[in-house]
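*Asks:* Supplied in structure tokens, the structure appears directly below.
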Amino acid sequence: MKNARILYVEDDLTLSFVTRDNLERVGYTIDSCDDGIAAYEKIANGNYDLYILDVMLPKIDGYTLARKIREKNEAVPILFLSAKSTPDDKIYGLQLGADDYITKPFSMEELILKIEIFLKRSRIDSSRLQKEPVYRIGDFAFSYSGLKLTKGDELHSLTYREAELLAYLCDNTGAILKRDDILNKVWGNDHFFSSRSLDVFISRLRKLLKSDAKVKIENIHNIGYRLVVSG
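Under the numbering used here, the first residue of the sequence shown is numbered 14, with each subsequent residue one higher.
Given below as structure tokens:
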């Protein structure tokens, strides 16, 4: 999805210049700023296809910016680029709704690949949306392409990874899914951090589905998870 508009927020001006130059070379339109207040204004007044945020920013930090983005748009991809590399930092970023958390130093090839993956996932093909059946999960209706989970007047917008994970569970309702199989299917790998991320996303889906007592995502000890719909 070249020509996509990306907001890139980074206070290291040298890194910002190098990263922006590389992303523009492959065809992306980059809008950048180096402090949280400027980024906050751009988020409030502009629409972007993807956001790349540093965590430790002057004035307003990246976590606060992510919350602002999610208030406005629950589906647009958010990537954190940060020197904060502890598992707790990464898990917190994901809990805020980020789609990925890349630690510095990072390879430009990895960043570009992840951007391409998330932009590709975010592109909704209208003809597919019209043809694709809606999953029924108890009293919920779930549209994978529409990134929507609804139940009566209850409406939740999903991130792309939430939708991928929920679709995989729905496709295998009642079956015990091994953690490694889920990770390789949804994350593309079974690394330790991806495994921690899986637990965060399962927790998020459980919160979204909790209003229907007939729907449960069961933890199968030392094996994985199972989506169970009763009644």
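Glycine included, each C-beta is placed from N, C-alpha and C at the ideal position.
Only a predicted model underlies this, so the values are computations on that prediction, with no experimental measurement involved.
Which same chain residues end up closer than 8 Å to aspartate 225 when comparing Cβ atoms and leaving out the 5 residues on each side of it in sequence?
*Replies:* In the sequence shown, residue 225 corresponds to position 212, counting from 1. Within its own chain, the residues whose Cβ lies closer than 8 Å to the Cβ of aspartate 225, once the five positions on either side in sequence are excluded, are Ile150, Gly151, Asp152, Phe153 and Lys164, listed in chain order.
*Asks:* For aspartate 44 and leucine 162, I'd like the C-alpha separation in whole angstroms.
*Replies:* By 1-based counting over the sequence shown, the position of residue 44 is 31. By 1-based counting over the sequence shown, the position of residue 162 is 149. Going from the Cα of aspartate 44 to the Cα of leucine 162 covers about 32 Å.
*Asks:* Buried or exposed, going by whether 16 or more other CB atoms sit within 10 Å of the CB of leucine 126?
*Replies:* Here residue 126 corresponds to residue number 113 of the sequence shown, with the count starting at 1. That one is exposed.
*Asks:* If you draw a straight line from the alpha carbon of glutamate 231 to that of aspartate 24, how long is it in whole angstroms?
*Replies:* Position 218 of the sequence shown, counting from 1, holds the residue named residue 231. Position 11 of the sequence shown, counting from 1, holds the residue named residue 24. One C-alpha to the other measures close to 43 Å.
*Asks:* What distance in whole Å lies between the Cβ atoms of phenylalanine 214 and glutamate 167, which are believed to be in contact at a cut-off of 8 Å?
*Replies:* Translated into the one-based positions of the sequence shown, residue 167 becomes position 154. Translated into the one-based positions of the sequence shown, residue 214 becomes position 201. The pair is not a contact, with the Cβ atoms about 20 Å apart (cut-off 8 Å).
*Asks:* Indicate the three-state DSSP secondary structure (helix, strand or coil) for glycine 106 in the structure shown.
*Replies:* Walking along the sequence shown from the start, residue 106 turns up at place 93. Here glycine 106 sits in helix by DSSP.
*Asks:* If you measure from the beta carbon of tyrosine 157 to each beta carbon in chain D, is any gap under 9 Å?
*Replies:* Of the protein chains in this structure there is only one, and it is not chain D.
*Asks:* Spell out the partners DSSP gives valine 22 in its beta bridges.
*Replies:* Locating residue 22 in the sequence shown gives position 9, counting from the first residue. BP columns for valine 22 point to Cys46 and Leu66.
*Asks:* Any idea which residues DSSP pairs leucine 92 with across the strands?
*Replies:* If you number the sequence shown from 1, residue 92 lands on position 79. Paired residues: Ile65 and Asp113.
*Asks:* Pull up the distance between the alpha-carbon of alanine 88 and that of glycine 106, whole angstroms please.
*Replies:* Along the sequence shown, read from residue 1 onward, the residue named residue 88 stands at position 75. Along the sequence shown, read from residue 1 onward, the residue named residue 106 stands at position 93. Approximately 15 Å, taken between the alpha carbons.
*Asks:* With a threshold of 8 Å on Cβ separation, who are the neighbours of lysine 191 within its own chain once the five nearest residues in sequence on each side are excluded?
*Replies:* As a position in the sequence shown, residue 191 is number 178, starting the count at 1. Within the same chain, lysine 191 has close Cβ partners Ile236 and Gly237.
*Asks:* Restricting to runs no shorter than 4 residues, where is the alpha helix (DSSP H) found entirely within the segment 147-223?
*Replies:* 173-184, 192-195 and 205-222, all fully within the segment 147-223.
*Asks:* Based on Cα-Cα distance, which residue from Ala111, Ile128, Lys85 and Gly244 lies nearest to isoleucine 91?
*Replies:* Position 78 of the sequence shown holds residue 91. Isoleucine 91 has its Cα closest to that of Ala111, out of Ala111, Ile128, Lys85 and Gly244.
*Asks:* What do you get for phenylalanine 155, buried or exposed, if any count of 16 or more other CB atoms within 10 angstroms of its CB means buried?
*Replies:* As a position in the sequence shown, residue 155 is number 142, starting the count at 1. Buried: at least 16 other Cβ atoms inside 10 Å.
*Asks:* Leaving aside the five residues before and after alanine 180 along the sequence, list all residues of the same chain whose C-beta is less than 6 Å from its C-beta, in chain order.
*Replies:* Position 167 of the sequence shown, counted from the first residue, corresponds to residue 180. Closer than 6 Å at the Cβ level, and outside the excluded window around alanine 180, lie Tyr157.
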